[in-house]
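Colleague: For the protein sequence lines, the chains are A and B, in the order given.
In case it helps, my numbering puts the first sequence at residues 370 to 669.
In case it helps, my numbering puts the second sequence at residues 370 to 669.
Cβ coordinates follow ideal geometry from the N, Cα and C atoms, glycine included.
2 protein chains.
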Amino acid sequence: MFAVTILGNNSAVPAFDRHPTSQVVTYQGNHYLVDCGEGTQIQLIRYKIRRSRITHIFISHLHGDHYFGLAGLINTLSLLNHRQELHVFGPAPLREIIEMQLTVADARMCYPLYLHHINGPGILFENEFLRVSCFRTLHRIECYGFCFEEKKPPRKLISEKLQQYNLPFSAYEKLKQGLDFQMEDGTIIKNEWVTRPSAPPRKYAYCADTKYDESLIPHIRHADLVYHEATYLDNFREVAESRFHSTARQAAELAKKAEVKKLLIGHFSSKYDSLEAFESEAREVFPNTELALEGVCYLI
Amino acid sequence: MFAVTILGNNSAVPAFDRHPTSQVVTYQGNHYLVDCGEGTQIQLIRYKIRRSRITHIFISHLHGDHYFGLAGLINTLSLLNHRQELHVFGPAPLREIIEMQLTVADARMCYPLYLHHINGPGILFENEFLRVSCFRTLHRIECYGFCFEEKKPPRKLISEKLQQYNLPFSAYEKLKQGLDFQMEDGTIIKNEWVTRPSAPPRKYAYCADTKYDESLIPHIRHADLVYHEATYLDNFREVAESRFHSTARQAAELAKKAEVKKLLIGHFSSKYDSLEAFESEAREVFPNTELALEGVCYLI
């Protein structure tokens, strides 16, 4: 499963039982936490997401509503006897803040905690199947969006064909990589005879907090799912602009220009009790828009 | 009204919809926040306690479950256009941590924020009616309890007597202070003829996180209400001891020795789903014990 679950969809001030920003990207049983606003650990309990499965945490920027829950979560994992490595990525002073909080508490960590500085756009993490990279967004302070991209998946072997051509096991790896295979008698087995393509690699892009900014387009183009903030409705476009935030219409305009498949909007201002207008405003421009609702899991 | 409302009654790890430590002491319409665990601002909304009425915040120690909600609350007040002074008291590195968090966020505060170091036991704040002082508790790191004491209230004037003796308005202040008054003709009006005593001053003591420690007794003796932590039941007395915490029985023993009027126990470990056993264990030793339950307001 490749999916994102929303833990907090509100902007800075919590209201109407909406919480500050946090999301969990789940891929093959691992959880990748994206931002960690105050109360994230409580939201994880509420939505029954196993804290112990979190291996990486990515913090977009150091406004409190995106990271004030981090120190508490780090602490709690230790009290719960977590044993696995935890890797945290964030803009430079994050490490110092967390280290200071752990030091003054005389904390004894029972798992290996790695606090990494994000030093600019680039790849933050990759394993055999997934790559996480970051890109700049246009906010009042240094801020990063994150791309979660499946790597090119191996081609699928067609079992009847393997038998038909009597292919040895030693051929499988090359065939999965898309290569042809030469039999001992010199016969060339064309890759397309015995394999079929996998589903194309999927991509999720999280645009953090940002003004409307077309320079994001190359990073999110054709993505299966894009999260873009929509702090205000479009009649507050000037307020949004002055505070380095976006409106629902602007999020939809960017999604349309970037030809993404689906748009998720969130980071709603606490001035709005109801969210219906966000949905309708964005859908006028980009019909395949959904509201990022807390507790809901969106497939990528 | 002099009362305390519980916002969080759990120890470090939130569980069973119990939250990390925070309480609001209310006196004459002002709110004094005592500790501010993660999620406190959300609990304030849940229990409809006006954030704008908080004038002072007292942080007992720098374990995260007692202050990780502070930076978020400070931020939120600014975003809500709070204008009044806010005074925060806590052990020394608290100021540095909060200042760092405000600095990296490029925060613009719209109200005067004062971050005060607690430099040892003594008076932290007083006005005409109330005094807040702190005392050491016995925890793994530097930790303080807090006493909220009414000042000696003025004596009450008996209106019939004021008329009977034909006392001028200029006499009232002296009489309220307990002094006699000399009339223009030289007659002495004895204070007790025209006033009656007020109710005795009330006292609330918050014992923060602590081992069982009889040196707390002088600070809490005869208090109307004492909050004492009870992280464990008494069959975990050794665990409590090793972690610088107390059991329900120990809290009750201390309350009994200090001859307090009423005991409130909290800071329950997340290993306990039900809290009934805490109540019964403490009441065996000190019958006038209550569980500190979230959202409940206890009169002092």
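Just list the residues that DSSP pairs S649(A) with in beta bridges.
Modeller: DSSP lists no beta-bridge partner residue for S649(A).
Colleague: Following the continuous beta strand (DSSP E) through R505(B), name the residue where it begins and the one where it ends.
Modeller: L499 to R505
Colleague: Do we get a CB-CB distance below 8 Å when we pair D589(B) with the residues of chain A?
Modeller: According to the sequence provided, residue 589(B) is Ile. The question's Asp does not apply to it. No - not a single Cβ of chain A is within 8 Å of the one on I589(B).
Colleague: Determine the chain A residues that contact L482(B) at a beta-carbon separation under 8 Å, and present them in chain order.
Modeller: In chain order: nothing, as chain A lies at least about 14 Å away.
Colleague: Which chain B residues sit within Cβ distance under 9 Å of M469(A)?
Modeller: By Cβ distance, chain B contributes P462, E465, I466 and M469.
Colleague: Look at the alpha carbon of H597(B) and the alpha carbon of T579(B), and state the distance between them as a whole number of angstroms.
Modeller: 8 Å
Colleague: Please list the segments of the beta strand (DSSP E) lying wholly inside the segment 411 to 451 of chain B, counting only runs of 3 or more residues, in order along the chain.
Modeller: 423 to 427
Colleague: Quick check on S528(A): does DSSP put it in helix, strand or coil?
Modeller: In this structure, S528(A) counts as helix in the three-state DSSP scheme.
Colleague: Would you report the Cα separation of L463(A) and E519(A), rounded to the nearest angstrom?
Modeller: C-alpha separation (whole angstroms): 28 Å.
Colleague: Within this structure, are the beta carbons of G514(B) and Y575(B) separated by less than 8 Å?
Modeller: yes
Colleague: Does the beta-carbon of K572(B) have 16 or more other beta-carbons within 10 angstroms, so that it is buried, or is it exposed?
Modeller: Residue burial is scored here from C-beta neighbours: K572(B) has at least 16 other C-beta atoms within 10 angstroms and is therefore classed as buried.
Colleague: What did DSSP end up calling N379(B) once you bin it into helix, strand or coil?
Modeller: strand
Colleague: For D404(B) and chain A, any beta-carbon pair shorter than 8 Å?
Modeller: No, because no Cβ of chain A sits closer than 8 Å to the Cβ of D404(B).
Colleague: Given a cut-off of 8 Å on the beta-carbon distance, is the pair Y667(B) and L594(B) in contact?
Modeller: Result yes, Cβ atoms of Y667(B) and L594(B) sit closer than 8 Å.
Colleague: Under three-state DSSP, which class holds H588(B)?
Modeller: helix
Colleague: Quick one: grab the DSSP three-state call for I510(A).
Modeller: coil
Colleague: Using only CA atoms, which one of G433(B), H486(B) and G491(B) lies nearest to G441(A)?
Modeller: G433(B)
Colleague: Between F637(B) and S429(B), is the Cβ-Cβ spacing less than 8 Å?
Modeller: Cβ atoms of F637(B) and S429(B): not closer than 8 Å.
Colleague: Quick check on this structure: which residue in M370(B), A617(B) and L499(B) has the alpha carbon closest to the alpha carbon of P522(B)?
Modeller: Considering only alpha carbons, the answer is L499(B).
Colleague: Could you compute how far the alpha carbon of N535(A) sits from the alpha carbon of S567(A)?
Modeller: 22 Å
Colleague: Residues of chain B with CB closer than 9 Å to the CB of G664(A), please, in chain order.
Modeller: Near G664(A) there are no residues of chain B at all, since even the closest Cβ is about 15 Å away, more than 9 Å.
Colleague: Run down chain B in chain order and give the residues with a C-beta less than 8 Å from the C-beta of A474(A).
Modeller: L431, H432, G433 and I510
Colleague: Decide if the segment 447 to 463 of chain A is in contact with the segment 598 to 617 of chain A; the criterion is three or more beta carbon pairs, one per stretch, under 8 Å apart.
Modeller: no
Colleague: Since C737(A) contacts I487(A) with CB under 8 Å, what's their CB separation in whole angstroms?
Modeller: The structure shown does not extend to residue 737(A), since chain A is modelled only from 370 to 669, so the question has no answer here.
Colleague: Whole-angstrom Cβ separation of H388(A) and Q412(A), contact assumed at under 8 Å?
Modeller: 6 Å
Colleague: Apart from the five residues on each side of it in sequence, which residues of its chain come closer than 7 Å, Cβ to Cβ, to N450(A)?
Modeller: Its chain contains C479 as the residues whose beta carbon lies nearer than 7 Å to that of N450(A), once the 5 sequence neighbours on both sides are disregarded; these appear in chain order.
Colleague: Apart from the five residues just before and just after V665(B), which ones in its own chain have a Cβ nearer than 8 Å to its Cβ?
Modeller: T374 and I375
Colleague: What residues from the segment 432 to 452 of chain A come within 7 Å of chain B, judged by C-beta to C-beta, listed N to C?
Modeller: H432, G433, F437, G438, A440, G441, N444, T445, L448 and L449
Colleague: At the level of alpha carbons, what is the spacing between Q410(A) and Q533(A)?
Modeller: 54 Å
Colleague: For D475(B), does the count of other Cβ atoms within 10 angstroms reach 16, so buried, or fall short, so exposed?
Modeller: exposed
Colleague: What does G408(A) touch in chain B if you count any residue whose Cβ is under 7 Å from its own?
Modeller: E407, G408 and I411
Colleague: If we ignore side chains and look at the alpha-carbon of each, how far apart do M370(B) and H425(B) end up?
Modeller: Within the model, the alpha-carbon separation for M370(B) versus H425(B) is close to 17 Å.
Colleague: Kindly list the residues whose CB is nearer than 7 Å to the CB of V382(B), restricted to its own chain and excluding five residues on each side of it in sequence; keep chain order.
Modeller: Once the five neighbours on either side are set aside, the close Cβ partners of V382(B) are S639.
Colleague: Spatial neighbours of G377(A) within its chain, please: C-beta separation below 6 Å, excluding the five flanking residues on both sides.
Modeller: Leaving aside the five residues that flank G377(A) on each side, the residues in its chain whose CB is nearer than 6 Å to its CB run, in chain order, H388, P389, T390, S391 and G406.
Colleague: How far does the beta strand (DSSP E) with T472(B) in it extend, from its first residue to its last?
Modeller: Per DSSP, T472(B) belongs to no beta strand (DSSP E); it is in the alpha helix (DSSP H), P462 to V473.
Colleague: Against V382(B), what residues of chain A qualify as contacts under a CB-to-CB distance less than 9 Å, listed in chain order?
Modeller: Under the 9 Å cutoff, chain A gives Q410, N444, T445, L448 and L449.
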